[in-house]
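Okay, so here's the structure we're looking at.
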Ligand code: FES
Ligand code: FES
């Protein structure tokens with residue numbers, strides 16, 4: 001099933017060599033099982049839950065739906081890349097302090113989705129937040145504390161700017 | 001969690017999760033993230049038929065596939081061929097007959113998940129399809145051949161209480177249907193098994209709710225001494241009841257033992273739908289008799305819980321259902337018949353609410369019918385009948401728990417209603433959201449109520465104790481227990497307890513595994529009470545010894561000491577010393593088992609003190625409905641919950657909001673569709689879960705009344721939020737459209753046809 005071919009993926013700014021891989025493997029599988037980056041989670045593997053959210057060339061995508069080999073030319077960013085300096089991002093910090101984390105399985109995907117949302121829109125309305133996060137299922141929290149975390153980040157960023 | 005302050009986070013504060021930092025960074029190791037050197041992947045072959053005889057299994061072709069290391073079937077199970085939580089009736093692998101769609105038949109271990117998939121496809125099983133028992137009513141009598149040696153009736157329970165000849169001035173009756181809900185935890189089943197070098201034991205990392213129960217069942221099937229099956233809790237991505245039963249534990253361990261290599265198994269989402277038990281679909285008939293004013297004088301009821309092919313916890317779910325028939329209301333007389341039956345439908349067992357969800361959906365529908373019949377409103381009828389501490393249940397058991405039912409209803413009622421839907425409301429705020437074209441002018445608003453009672457801890461004489469060890473050394477505390485952390489936050493609470501009791505700052509949890517006594521299951525809203533009680537007890541024993549040591553040094557009677565903030569103080573003198581200083585250079589370690597008070601089995605009339613304690617909650621739902629398209633938007637849930645003492649407000653709020661979302665799911669969207677034993681929607685595309693856009697505004701009040709029976713004064717808070725919110729939402733839909741709806745989830749056709 002494996003091929004003799006290999007390819008390279010650029011993940012969080014680092015080139016990773018993928019060899020001996022079966023060509024049908026999803027980006028999620030390759031990240032998790034071949035590159036040692038298990039931060040992205042798989043809860044449905046059909047694009048419904050968002051727990052596998054990564055950025056490909058700045059776009060938030062479900063890595064379970066992307067063939068890894070098709071992402072060779074792209075810049076891939078995963079949750080592991082958010083903490084290059086070892087500290088939590090404001091979004092991560094807010095998830096912890098506002099109680100947005102229970103089991104945590106949805107969390108890496110949601111953290112990525114919230115970063116993406118707030119990068120594009122620094123003061124989203126309540127509905128814009130809900131819409132932006134509606135592709136990320138959380139089964140534990142009922143979303144209330146996740147919205148609170150988003151509000152907190154918006155408020156802190158606004159305070160930091162003004 | 002470097003930047004987050006956890007200092008002196010004692011009981012009552014919103015102490016933050018110790019695993020929060022790792023979880024937001026993607027660093028937290030869920031079981032599915034684990035790897036081992038030289039690891040193989042395991043996979044399971046499952047039956048495509050709900051009921052069939054297995055004529056033959058041919059694995060020859062699968063063995064020939066490069067990379068396949070092992071194939072096991074029922075013939076390879078070294079020990080007991082079956083397992084089960086209450087009765088051992090479920091085969092590790094089906095041997096002669098399959099009894100539900102998705103039943104395991106064989107398992108393979110190979111070098112890659114794709115090799116596994118091909119190997120499974122290469123196994124040839126010849127089936128002789130048998131008639132499918134899919135109607136639970138047919139399972140009650142002798143109308144259908146037994147589909148299992150244990151018969152088609154799993155359990156029957158009758159409750160007869162009081163003077164049953166009583167007839168009410170007013171009688172209301174209803175038939176209610178509750179659909180099959182899935183727990184749908186996000187982290188699917190996963191385990192990593194590492195065989196011991198001598199082949200006589202195995203270590204298994206697993207996502208489970210109850211390590212010791214898994215260990216016991218696994219050891220029996222693997223024919224190993226219990227201590228040679230060592231379980232470690234791998235990171236758990238939610239549970240909600242679905243991890244109480246064995247799923248892949250025995251299969252993974254067996255493959256590892258056979259190959260002498262580490263084996264990892266992980267279900268995909270579709271397999272997960274077949275790999276764990278679900279919430280029992282049920283039909284409930286109830287007839288309420290009341291006075292002309294609306295006071296309940298008698299309830300008659302009949303419950304049928306469809307347990308599916310294997311017993312799992314059906315017998316206990318049934319007892320929970322029938323014993324909660326009256327809901328949180330006074331009821332002097334009752335006649336109840338309940339059945340848990342075996343069919344060729346998917347096996348059902350534990351899910352948050354455990355039998356009470358089904359009872360509550362029916363009794364709350366009845367309360368609204370009763371209100372209408374006597375010409376009062378949903379709030380008044382509930383207040384008029386509200387249960388109080390000291391009232392008798394229909395089992396004859398007195399309710400000794402704090403029971404602030406009337407207060408819950410009043411406080412919920414005080415929460416302001418949401419504003420009307422704006423004339424120019426955004427389409428995302430309309431029922432159906434952006435995808436569907438509800439029109440503002442068609443939308444009707446409705447308000448509905450639900451109130452519930454839920455037992456906490458295990459019942460019927462079962463001693464579900466919990467064990468914990470506290471070790472104090474140099475001002476630091478390490479807590480050891482086997483309590484499954486599934487997301488609920490026991491790892492946050494346990495150090496809070498230690499900080500409060502011992503005055504320390506630095507308290508951490510050790511690895512959660514079977515190297516200590518059982519903690520019982522993370523279910524039945526019981527861990528705060530049971531494992532909280534165990535941690536509290538262990539910390540108190542350590543505190544006693546510390547006081548003795550310091551007392552001997554200082555020549556002060558230990559009885560005079562108390563902990564004040566982070567110091568030991570002499571309450572009758574001036575001596576003070578910090579706990580850190582007092583515990584320098586010494587190690588004190590104590591283990592404590594917490595047992596709840598004894599309960600009884602029910603007699604043949606369903607009488608007996610079978611439950612330990614109770615918690616209560618009220619919900620009011622506001623919904624917008626498009627009656628033509630059959631679409632619903634849940635606008636607001638107001639709730640007041642009886643929580644006892646609040647130990648961590650943020651955690652309690654998380655349980656309340658999360659439970660409400662699951663109850664909302666059962667009310668309007670979540671149902672496993674089963675047709676003649678076949679599951680039709682085993683995916684997140686077809687089984688719909690509440691998303692951020694479905695989340696209502698939740699306005700919650702925690703009603704704090706110290707529970708004297710509970711070790712920390714706190715009641716479990718996990719289950720109540722999801723129980724009465726479902727009938728509240730369905731009542732609100734009825735209110736909006738003026739139509740009787742007797743089932744959940746409510747489907748578009750229930751509204752508009
Ligand atoms: S795993 Fe990719 S969307 Fe669910
Ligand atoms: S925290 Fe468990 S799924 Fe979101």
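Protein chains in written order, with the UniProt record's numbering: chain V, 1 to 162; chain X, 1 to 753. For each residue, glycine too, the CB sits at the ideal point set by N, CA and C.
Quiz item: How would you list, in chain order, the residues of chain V whose beta-carbon sits under 7 Å from the beta-carbon of residue 184 (chain X)?
Solution: Here residue 184 (chain X) refers to the residue found at position 184 when the second chain is read from its first residue. Near residue 184 (chain X) (Cβ distances below 7 Å), the residues of chain V are 139.
Quiz item: Considering only residues of the same chain and omitting the five flanking positions on each side of residue 137 (chain V), which have a CB-CB separation below 6 Å?
Solution: Within the first chain, residue 137 (chain V) is the residue found at index 137, counting from 1. The answer, listed in chain order, is 49.
Self-check item: Sequence-ordered residues whose beta carbon comes within less than 6 Å of a heavy atom of ligand 3
Solution: Absence of ligand 3 from the depicted structure is noted, with ligand 1 and ligand 2 being the only ligands included.
Quiz item: With a CB to CB cut of under 6 Å and the five nearest residues on each side skipped, what residues in its chain are close to residue 676 (chain X)?
Solution: As a working mapping, residue 676 (chain X) is identified with position 676 in the second chain. Cβ neighbours of residue 676 (chain X) beyond the five flanking positions: 132 and 134.
Quiz prompt | Local conformation of residue 496 (chain X) per DSSP, three classes | solution = Locating residue 496 (chain X) in the second chain gives position 496, where the first residue counts as 1. Helix at residue 496 (chain X).
Practice problem: Taking residue 218 (chain X) as part of the alpha helix (DSSP H), name the residues at either end of that continuous run. | Solution: Walking along the second chain from the start, residue 218 (chain X) turns up at place 218. Segment 211-222, the alpha helix (DSSP H) holding residue 218 (chain X).
Quiz item: Looking at C-beta atoms only, is the number of pairs between the stretch 14-29 of chain X and the stretch 94-104 of chain V that lie closer than 8 Å three or more?
Solution: yes
Exercise. Tell me, to the nearest whole angstrom, how far the beta carbon of residue 698 (chain X) is from that of residue 656 (chain X); I am working on the premise that it is less than 8 Å.
Key: One-based indexing of the second chain puts residue 698 (chain X) at position 698. One-based indexing of the second chain puts residue 656 (chain X) at position 656. That belief holds up - the Cβ atoms of residue 698 (chain X) and residue 656 (chain X) are roughly 7 Å apart, short of 8 Å.
Quiz item: When we look at the beta-carbon of residue 155 (chain V) and count the other beta-carbons within 10 Å, is it buried (16 or more) or exposed?
Solution: Taking the first chain and counting its residues from 1, one reaches residue 155 (chain V) at position 155. Exposed.
Quiz prompt | For residue 455 (chain X), the three-state DSSP class (helix, strand or coil) | solution = Reading the second chain from its first residue, position 455 is the one you call residue 455 (chain X). Correct three-state label for residue 455 (chain X): strand.
Quiz item: Would residue 183 (chain X) pass as a contact of residue 242 (chain X) if the rule is Cβ separation under 8 Å?
Solution: Along the second chain, read from residue 1 onward, the residue named residue 183 (chain X) stands at position 183. Along the second chain, read from residue 1 onward, the residue named residue 242 (chain X) stands at position 242. In contact: residue 183 (chain X) and residue 242 (chain X) (Cβ atoms closer than 8 Å).
Exercise. May I have the straight-line CA-CA distance separating residue 334 (chain X) from residue 620 (chain X), to the nearest angstrom?
Key: If you number the second chain from 1, residue 334 (chain X) lands on position 334. If you number the second chain from 1, residue 620 (chain X) lands on position 620. Taking the straight line from one Cα to the other gives about 27 Å.
Self-check item: The alpha helix (DSSP H) enclosing residue 511 (chain X), as first and last residue numbers
Solution: One-based indexing of the second chain puts residue 511 (chain X) at position 511. Per DSSP, residue 511 (chain X) belongs to no alpha helix (DSSP H) and is neither H nor E.
Self-check item: Closest Cα partner of residue 134 (chain V) within the set X:146, X:271 and X:428
Solution: As a first step, residue 134 (chain V) is located in the first chain; it is residue number 134 there, counting from the start. The candidate whose alpha carbon is nearest that of residue 134 (chain V) is X:428.
Exercise. Could you tell me the distance, in whole angstroms, from the CA atom of residue 157 (chain X) to the CA atom of residue 313 (chain X)?
Key: Indexing the second chain from 1 puts residue 157 (chain X) at position 157. Indexing the second chain from 1 puts residue 313 (chain X) at position 313. If I take the Cα positions, the gap works out to 15 Å.
Quiz item: Which whole-angstrom value is the C-beta distance of residue 293 (chain X) and residue 374 (chain X), which I expect to be below 8 Å?
Solution: Translated into positions along the second chain, residue 293 (chain X) becomes position 293. Translated into positions along the second chain, residue 374 (chain X) becomes position 374. Sure, about 6 Å apart at Cβ, within 8 Å.
Quiz item: At a Cβ threshold of 8 Å, is residue 130 (chain V) touching chain X?
Solution: Working through the first chain from its first residue, we reach residue 130 (chain V) at position 130. At least one CB atom of chain X sits nearer than 8 Å to the CB of residue 130 (chain V).
Exercise. Specify whether the stretch 467-478 of chain X and the stretch 588-595 of chain X touch according to this definition: at least 3 beta carbon pairs, one from each stretch, less than 8 Å apart.
Key: The stretch 467-478 of chain X makes contact with the stretch 588-595 of chain X; the number of CB pairs closer than 8 Å reaches 3 or more.
Quiz item: Is the stretch 388-407 of chain X close to the stretch 183-199 of chain X, with three or more CB pairs under 8 Å?
Solution: no
Quiz item: Closer than 7 Å: is that where the CB of residue 162 (chain X) sits relative to any heavy atom of ligand 2?
Solution: Taking the first residue of the second chain as 1, we reach residue 162 (chain X) at position 162. Not so, every heavy atom of ligand 2 lies at least 7 Å from the Cβ.
Exercise. Determine whether the Cβ of residue 134 (chain V) lies closer than 8 Å to any Cβ atom of chain X.
Key: The count along the first chain starts at 1 and reaches residue 134 (chain V) at position 134. Taking Cβ atoms only, chain X reaches closer than 8 Å to residue 134 (chain V), which makes this a yes.
Self-check item: Proximity test, residue 139 (chain V) beta-carbon vs ligand 2 heavy atom, cut-off 7 Å
Solution: In the first chain, the residue the question calls residue 139 (chain V) occupies position 139. Result yes, Cβ under 7 Å from ligand 2.
Self-check item: Closest by C-alpha distance to residue 149 (chain V), when choosing among V:107, V:81, V:35 and V:21
Solution: By one-based count along the first chain, residue 149 (chain V) stands at place 149. The option with the nearest alpha carbon to residue 149 (chain V) is V:107.
Self-check item: residue 21 (chain V) (DSSP reduced to helix, strand or coil)
Solution: Position 21 of the first chain, counted from the start, is the residue given in the question as residue 21 (chain V). Three-state result, residue 21 (chain V): coil.
Practice problem: Locate the alpha helix (DSSP H) running through residue 655 (chain X), then write down its first and last residues. | Solution: For the purposes of this step, residue 655 (chain X) is taken as residue 655 along the second chain, with counting starting at 1. Note, residue 655 (chain X): alpha helix (DSSP H), 649-668.
Practice problem: Would you verify that the beta carbon of residue 121 (chain V) is, or is not, closer than 8 Å to some beta carbon of chain X? | Solution: Looking up residue 121 (chain V) in the first chain gives position 121. Chain X, which has no Cβ nearer than 8 Å to the Cβ of residue 121 (chain V), makes this no.
Quiz item: With a Cβ-Cβ cutoff of 8 Å, do residue 346 (chain X) and residue 100 (chain X) count as a contact?
Solution: On the second chain, position 346 is the one that residue 346 (chain X) refers to. On the second chain, position 100 is the one that residue 100 (chain X) refers to. Taking 8 Å as the Cβ cut-off, residue 346 (chain X) and residue 100 (chain X) qualify as a contacting pair.
Quiz item: Where residue 28 (chain V) and residue 73 (chain V) are concerned, what is the direct C-alpha to C-alpha distance, given to the nearest angstrom?
Solution: For the purposes of this step, residue 28 (chain V) is identified with residue 28 of the first chain, where counting begins at 1. For the purposes of this step, residue 73 (chain V) is identified with residue 73 of the first chain, where counting begins at 1. C-alpha separation (whole angstroms): 16 Å.
Self-check item: chain V contacts made by the stretch 672-695 of chain X, where a contact means CB separation under 9 Å
Solution: 683, 684, 685, 689, 690, 691, 692, 693, 694 and 695
Exercise. Can you check the stretch 679-726 of chain X for any beta strand (DSSP E) of at least 3 residues that lies completely inside it and give the ranges in chain order?
Key: 697-703
Quiz item: By Cβ distance, which residues of its chain are closer than 8 Å to residue 117 (chain X), with the 5 residues on each side in sequence left out?
Solution: Here residue 117 (chain X) corresponds to residue number 117 of the second chain, with the count starting at 1. Counting only Cβ-Cβ distances below 8 Å, and skipping sequence neighbours, we find 43.
Exercise. Have a look at residue 412 (chain X) and residue 669 (chain X) and give me their C-alpha separation to the nearest angstrom.
Key: Numbered from its first residue, the second chain carries residue 412 (chain X) at position 412. Numbered from its first residue, the second chain carries residue 669 (chain X) at position 669. Going by the C-alpha atoms only, they are around 25 Å apart.
Quiz prompt | residue 103 (chain V): CB within 7 Å of a non-hydrogen atom of ligand 2 | solution = As a position in the first chain, residue 103 (chain V) is number 103, starting the count at 1. At least one heavy atom of ligand 2 is nearer than 7 Å to the Cβ of residue 103 (chain V), so yes.
Exercise. Tell me residue 331 (chain X)'s beta-bridge partners as DSSP assigns them.
Key: Within the second chain, numbered from 1, the residue matching residue 331 (chain X) stands at position 331. Residue 331 (chain X) pairs with nothing; no bridge assigned.
Practice problem: Could you check how far apart the C-beta atoms of residue 31 (chain V) and residue 78 (chain V) are, in whole angstroms? I think they sit under 8 Å. | Solution: By 1-based counting over the first chain, the position of residue 31 (chain V) is 31. By 1-based counting over the first chain, the position of residue 78 (chain V) is 78. Between residue 78 (chain V) and residue 31 (chain V) the Cβ distance is about 6 Å, and since that is below 8 Å, they are a contact.
Quiz item: If you count every other CB in all the chains shown that lies within 10 Å of the CB of residue 367 (chain X), and 16 or more means buried, which is it?
Solution: Translated into positions along the second chain, residue 367 (chain X) becomes position 367. Counting Cβ neighbours within 10 Å, residue 367 (chain X) comes out buried, since at least 16 surround it.
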